[in-house]
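Read the structure below first, then the notes.
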Amino acid sequence: MTEPVLELTHVDSGYGEVQVLDDLTLHLNPEEIVCLIGPNGAGKSTVLKTAFGMLTPWEGSVTYHGDEIGGMAPEDIVREGIGYVPQTDNVFGSLTIEENLRMGGVARESGLDDVIDRLYERFPLLDEKRSANASTLSGGQRQVLAFARALVMEPDVLLIDEPSAGLAPNTADEVFGHVQAVNDLETAILMVEQNATKGLGISDRGYVLDQGTVRFEDEASALLDNDDVSKLYLGG
Amino acid sequence: MVLDLLASGLVFSSIIVLGSIGLSLIYSIANFANFAHGDTMTVGAYAAFVTFGAVGGLGFGILGLPLGFFVALLVGIVAAAVVAVVTEKIVYDGMNAGSIELLITSIGIAFIYRAIIQMGFGADFTRFDVQTLRPIEALLPYGVRVTLHDVAIVVSAIILVGSLHALLQYTDLGRKMRAMADNPDLARVSGIRTDRVKLWTWIIGAGLAGSGGVFLGLYNQLSPRMGFNLLLLIFAAVILGGIGSVYGAMLGGFLIGVINQLTPVLSDIRFLTEMGAMLPLVPDSFGIVIGIEYANAIAFVIMVAVLLVRPNGIAGEAV
Chain C
941 MTEPVLELTH
951 VDSGYGEVQV
961 LDDLTLHLNP
971 EEIVCLIGPN
981 GAGKSTVLKT
991 AFGMLTPWEG
1001 SVTYHGDEIG
1011 GMAPEDIVRE
1021 GIGYVPQTDN
1031 VFGSLTIEEN
1041 LRMGGVARES
1051 GLDDVIDRLY
1061 ERFPLLDEKR
1071 SANASTLSGG
1081 QRQVLAFARA
1091 LVMEPDVLLI
1101 DEPSAGLAPN
1111 TADEVFGHVQ
1121 AVNDLETAIL
1131 MVEQNATKGL
1141 GISDRGYVLD
1151 QGTVRFEDEA
1161 SALLDNDDVS
1171 KLYLGG
Chain Z
2 MVLDLLASGL
12 VFSSIIVLGS
22 IGLSLIYSIA
32 NFANFAHGDT
42 MTVGAYAAFV
52 TFGAVGGLGF
62 GILGLPLGFF
72 VALLVGIVAA
82 AVVAVVTEKI
92 VYDGMNAGSI
102 ELLITSIGIA
112 FIYRAIIQMG
122 FGADFTRFDV
132 QTLRPIEALL
142 PYGVRVTLHD
152 VAIVVSAIIL
162 VGSLHALLQY
172 TDLGRKMRAM
182 ADNPDLARVS
192 GIRTDRVKLW
202 TWIIGAGLAG
212 SGGVFLGLYN
222 QLSPRMGFNL
232 LLLIFAAVIL
242 GGIGSVYGAM
252 LGGFLIGVIN
262 QLTPVLSDIR
272 FLTEMGAMLP
282 LVPDSFGIVI
292 GIEYANAIAF
302 VIMVAVLLVR
312 PNGIAGEAV
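So the protein sequences, as listed, match chains C and Z. Counting in our numbering, the first sequence runs from 941 upward without gaps. Counting in our numbering, the second sequence runs from 2 upward without gaps.
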């Protein structure tokens, strides 16, 4: 059995005095896409923030390749090899595309220019607008830049918070295509997605969260076929 | 007369701009309105005053100022930066408080800076021991009365602001500063060591304020209240330009400085009102004379007028 790259075990976490995650356990295997779904307030984004050090777990452990990272600062976790794409405000609007990518690589010790060149090849729309301010990009383009910024570190785990939020359906499909493309680079992805059907559609496995804990976990296709899940959480 | 006022506006603007940049930088990166910023300027001025007294002229001069003055300027910049960083480390950083608490604390810090300076130097005005210069002859026919010292202030400010621009645009630190001002959370997520960037922001912001204080002392004179008296104008400049935007602060500082110095023009204007001609007991020509004591008020009226049209300031994002 493969060892998970990222594992949260019996985690309690929250904001200030308010507890959101309650004894939550989940894991992410190398190279897979895992989707977290569930109603608003279930704690999906809180899972990502706790894994990425923006929140310190109250109880339980967060491990990366078996090493404890719970409570480490985000700027250190980036250096370990995990990337994070926030849901909103995920680009530096007043900086150019090029500068956004450079900011994504501040923790790199070498090869920054090479990796940025490769990202330009992969995402030609960014190449065309290198010196434009990120604020001039459309919603879908911003999402692409946000991915690219996180990929400059060549992470082996990428945490993505609601990639399709606020996007038109066909733009959302493009963004999901990019998520799969990123995964093809052997990057494991833990993604939160409001659009459960589409999110699970590109995922290997999924977790259904409710009230801060895991209600269901299974292969993504099995969750989509599960009558209880579909009745309670997929609006069917 | 207008040309002369524009010239002195340019000199005064240079000083306001040097103060505004630091206030704006610290606001956007340390996330609070630093009311001790004006008094940081005073710290720089007095540190330069002491240094200049100790080192003297040091021989040859540039733009009517002896070399020793520039040494003193450098010490003033460093002293303001050191005092600000020590305050940040001991007081603000250790408090772990919100922006309102930090704002109120900074008012207290301002009192402390001022009290210490007053204990050391008294409350009276004093001046740098440099030769008082006559206005530049070549400009007198145009009605412009500026001295070489005024030119030195403007040139130095241009050099300092130009250096800051180069730092912000072309260096790694500058890009990180802009990134952090833009979005501090994303900066951390990207791996930027935000503590270090914040420290540099204090050093640069307070250093520029220190230089502004030295020039204010040269332009006018020194007193323990000199920086504090300027603080409201600096706030007006930062708000006018767009809070948190460094380039906005530069523009706002320039405009506020010029507007402030142009106020005497208004004392010549008489508004002819149609009302006056129509009403029996009111004279036909109904004049309003605005004296220079309203210079600061005028600057604020213009600030408010601009904010009514652009609520986030000139360089701020449109709402």
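Even glycine gets a Cβ: it sits at the ideal position worked out from N, Cα and C. Quick caveat: nothing in here was measured; it's all calculated off a predicted structure.
Find the nearest neighbour of Z/Arg-128 within the set Z/Ile-30, Z/Ala-55, Z/Met-178 and Z/Ala-46, judged by alpha-carbon distance. Z/Ala-46
Chain C residues whose Cβ lies nearer than 8 angstroms to that of Z/Leu-168: Near Z/Leu-168 there are no residues of chain C at all, since even the closest Cβ is about 14 angstroms away, more than 8 angstroms.
Please confirm if C/Pro-1014 has its CB atom under 9 angstroms from at least one CB of chain Z. yes
Z/Ile-260 versus Z/Val-3 - alpha carbon distance: 12 angstroms
C/Val-1148 - containing alpha helix (DSSP H), residue span: C/Val-1148 -> not in any alpha helix (DSSP H); beta strand (DSSP E) instead, spanning 1145-1150.
Please classify C/Met-1012 as buried or exposed, where buried requires at least 16 neighbouring CB atoms within 10 angstroms. buried
So with CB distances below 7 angstroms, who are the chain Z contacts of C/Leu-1032? Just to set this straight, residue 1032 of chain C is Phe in the shown sequence, not Leu. The answer, in chain order, is Ala-180, Asp-183, Asn-184 and Leu-187.
If you reduce the DSSP assignment to three classes, tell me which class C/Val-958 lands in. strand
Residue from C/Asp-963, C/Asn-1123 and C/Thr-1111 with nearest C-alpha to C/Ile-1100: C/Asn-1123
According to DSSP, simplified to helix, strand and coil, what is C/His-967? strand
Measure the CB-CB distance between Z/Glu-89 and Z/Lys-199 and report whether it falls below 9 angstroms. yes
Members of the region 17-37 of chain Z that neighbour chain C once the beta carbon cut-off is set at 9 angstroms: none
Taking C/Gln-1027 as the reference, which of C/Asp-1057, C/Thr-1153, C/Arg-1145 and C/Val-1084 has the closest Cα? C/Val-1084
Select from C/Leu-1130, C/Gly-1080, C/Ser-1143 and C/Leu-1091 the residue whose C-alpha is nearest the C-alpha of C/Ala-1112. C/Gly-1080
Just verifying my parser: in three-state terms, what is the DSSP assignment at Z/Val-131? coil
Euclidean distance between Cα positions of Z/Thr-274 and Z/Gly-245: With a pLDDT of 48 at Z/Thr-274, under the threshold of 50, the modelled position of that residue is not reliable, and no figure is offered here.
What would DSSP say about C/Ala-1112, mapped onto helix, strand or coil? helix
Which runs of the beta strand (DSSP E) spanning at least 3 residues fall entirely within the region 980-1034 of chain C, listed in chain order? 999-1004 and 1022-1025
Could you tell me how far apart the beta carbons of Z/Leu-213 and Z/Ile-16 are, in whole angstroms, since I believe they sit closer than 8 angstroms? The amino acid occupying residue 213 of chain Z in the given sequence is Gly; Leu does not appear at that position. Contact holds; Cβ gap of about 5 angstroms.
What is the rounded straight-line gap between the Cα of C/Leu-1163 and the Cα of C/Glu-1157? 8 angstroms
Z/Gly-214 - DSSP class collapsed to helix/strand/coil: helix
Apply the 10 Å Cβ neighbour rule to C/Arg-1042 and answer buried if 16 or more other Cβ atoms are within range, or exposed otherwise. buried
First and last residue of the uninterrupted beta strand (DSSP E) at Z/Thr-52: Not the beta strand (DSSP E): Z/Thr-52 falls in the alpha helix (DSSP H), residues 38-56.
In whole angstroms, give me the CA-to-CA distance for C/Ile-977 and C/Phe-1116. 15 angstroms
According to the Cβ coordinates, are C/Leu-1098 and C/Ala-1090 closer than 9 angstroms? yes
By alpha-carbon positions, which one of C/Glu-1049, C/Arg-1019 and C/Leu-995 ends up nearest to C/Glu-957? C/Leu-995
Boundaries (first-last residue) of the beta strand (DSSP E) holding C/Asp-1158: 1153-1159
Name the chain Z residues that come within less than 8 angstroms of C/Val-1018, Cβ to Cβ? Val-190, Ser-191 and Gly-192
Between the region 1009-1024 of chain C and the region 155-172 of chain Z, do at least 3 Cβ pairs fall closer than 8 angstroms? no
What would DSSP say about Z/Leu-273, mapped onto helix, strand or coil? Low confidence applies here, because Z/Leu-273 scores a pLDDT of 42, under 50, leaving its location unreliable and the question unanswered by this model.
Assign C/Thr-1127 to one of three DSSP states: helix, strand, or coil. coil
I'd like the span of the beta strand (DSSP E) that includes C/Glu-1097, first residue to last. For clarity, residue 1097 of chain C is Val in the given sequence; the question names Glu instead. Counting along the chain, the beta strand (DSSP E) containing C/Val-1097 begins and ends at 1097-1101.
Every unbroken alpha helix (DSSP H) within the region 52-124 of chain Z, with a cutoff of 4 residues, ordered by chain: 68-88 and 100-122
At least 3 beta-carbon pairs within less than 8 angstroms: the region 214-226 of chain Z vs the region 1040-1056 of chain C: no
Cβ-based burial, Z/Thr-41 [other Cβ within 10 Å; buried from 16]: buried
Quick check on Z/Lys-177 - is its C-beta less than 9 angstroms from some C-beta in chain C? yes
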